[in-house]
Amino acid sequence: MKTKIHFGRIIFYIILFLVVFGVHAFMHSHLFMMLMWLMIILPVLSIILCLYVRHSIFCTLEAADRIAEKDTLSYVRIELTNKAFFPVLHVRVNWNIKNKFYNVGSGMVVTMASAMRHTEELLIPLKLSKCGNIEYSIDAITVLDPLGFIELKKKNPAAAEIFVLPSKNLMPAIDASDINRGYTEAEETQKKGYDFSDVTDVREYIPGDKLMSIHWKLSAKRDILMVKDRVSMSDQQMVIMLDLAGSMDEVDAVLDLGYSIVRSFVRDNVFVKFMWWSENRFEFEERQLMNLDDADNAFSDMLYEKIYLDSEKTKEYMRSIKPELKAYVNVLFREGEAVAVVVEQD
Numbered sequence: 103m104k105t106k107i108h109f110g111r112i113i114f115y116i117i118l119f120l121v122v123f124g125v126h127a128f129m130h131s132h133l134f135m136m137l138m139w140l141m142i143i144l145p146v147l148s149i150i151l152c153l154y155v156r157h158s159i160f161c162t163l164e165a166a167d168r169i170a171e172k173d174t175l176s177y178v179r180i181e182l183t184n185k186a187f188f189p190v191l192h193v194r195v196n197w198n199i200k201n202k203f204y205n206v207g208s209g210m211v212v213t214m215a216s217a218m219r220h221t222e223e224l225l226i227p228l229k230l231s232k233c234g235n236i237e238y239s240i241d242a243i244t245v246l247d248p249l250g251f252i253e254l255k256k257k258n259p260a261a262a263e264i265f266v267l268p269s270k271n272l273m274p275a276i277d278a279s280d281i282n283r284g285y286t287e288a289e290e291t292q293k294k295g296y297d298f299s300d301v302t303d304v305r306e307y308i309p310g311d312k313l314m315s316i317h318w319k320l321s322a323k324r325d326i327l328m329v330k331d332r333v334s335m336s337d338q339q340m341v342i343m344l345d346l347a348g349s350m351d352e353v354d355a356v357l358d359l360g361y362s363i364v365r366s367f368v369r370d371n372v373f374v375k376f377m378w379w380s381e382n383r384f385e386f387e388e389r390q391l392m393n394l395d396d397a398d399n400a401f402s403d404m405l406y407e408k409i410y411l412d413s414e415k416t417k418e419y420m421r422s423i424k425p426e427l428k429a430y431v432n433v434l435f436r437e438g439e440a441v442a443v444v445v446e447q448d
């Protein structure tokens with residue numbers, strides 16, 4: 103516990119007490135004598151009440167939404183709960199905002215008050231201009247005694263998290279014919295009847311085969327259950343690799359473009375494999391995207407990573423770790439802008 107003493111206020115109070123004492127000594131007034139005793143008791147009572155309230159007060163933090171769009175308002179709710187039978191007039195809440203994706207942050211102080219046995223709520227609107235994993239946290243709160251002489255600090259760990267994604271209204275400025283070279287048979291969809299596989303043979307039923315694989319018309323003709331053998335086509339989807347290399351502004355532009363491209367393909371019912379290089383785990387992270395919620399969750403997971411400087415190393419890692427991948431779409435920052443290029447591996 104750290105205590106801050108306001109010596110200026112104490113000195114002013116002592117001077118005021120001496121004035122009252124001087125008036126009492128000159129006038130011998132019972133009123134000023136009572137006022138003197140009151141001025142002696144009040145500081146002690148004020149500090150005792152501050153200790154009591156400090157023990158009975160705590161603060162919580164909550165983000166209104168788990169996911170928010172960039173450049174839109176999001177709200178953070180701070181709740182100050184006072185369980186004491188005495189009001190608190192001045193509580194200073196020290197809270198921090200940190201973008202863990204870009205490793206930048208700032209702090210601010212919010213001053214609140216609360217009636218006795220009451221919870222005070224403060225809703226703070228914030229407009230976030232960068233994507234990222236935003237962590238709001240409270241380290242401590244500080245309670246000021248009623249006379250303003252001392253501030254008592256109390257540890258109050260509380261945190262809330264929000265993921266800031268690019269705007270959903272952005273349209274990718276890309277050449278679709280060029281991007282389409284990044285996949286071959288990605289026209290598989292999620293419409294009823296599609297299962298991302300292709301029929302290669304028909305054989306007799308073996309116990310354990312799925313009922314959905316039975317060829318009912320052929321089985322009726324032959325009076326024996328026939329099953330459609332299938333091979334997965336998931337290796338022929340659209341592969342998009344997002345490069346997290348560059349400065350904060352450069353990576354933010356890459357996120358905007360990559361997010362719009364991914365959503366565009368997913369809306370067209372294209373099966374997307376989304377990838378990025380993880381500096382934390384030193385491996386490629388992969389997510390299979392079949393709907394827009396999958397895209398949001400994948401980008402949220404990616405925002406736990408950290409950005410890096412060298413964009414060329416991801417291509418080298420891709421060639422050495424994923425040599426079976428013949429082509430993919432690489433979204434990166436190059437020549438002053440975010441671009442999407444098709445990389446064909448030999």
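Going by this note's numbering, the sequence shown opens with residue 103, and the numbers climb by one from there.
All C-beta atoms, glycine included, are put in the ideal place defined by N, C-alpha and C.
CA-to-CA distance, Trp197 to Lys229, given in whole angstroms: 17 Å
Whole-angstrom distance between Lys417 and Tyr238, CA atom to CA atom: 35 Å
Cα-Cα separation, Glu171 to Glu222: 28 Å
Distance CB(Glu306)-CB(Ala165) smaller than 8 Å: no
Spatially closest choice to Lys424 from Ser148, Glu385 and Tyr115, by CA coordinates: Glu385
Anticipated Cβ contact below 8 Å, Trp378 with Met343, distance rounded: 7 Å
Within 8 Å, strictly: CB atoms of Ile240 and Cys161: yes
Where the alpha helix (DSSP H) containing Glu414 begins and where it ends: Glu414 to Ile423
Ile113 (DSSP reduced to helix, strand or coil): helix
Exposure of Leu411, with buried meaning 16 or more beta-carbon neighbours within 10 Å: exposed
Residue ranges of each alpha helix (DSSP H) within the region 363-405, 4 or longer: 394-404
Alpha-carbon spacing of Leu434 relative to Ile226, whole angstroms: 35 Å
Outcome for Ile252 when other beta-carbon atoms lying within 10 angstroms are tallied against a minimum of 16: buried
Own chain residues within Cβ distance below 6 Å of Leu357, not counting five before or after: Cys233 and Pro268
C-alpha distance - Met138 paired with Ser216, whole-angstrom precision: 30 Å
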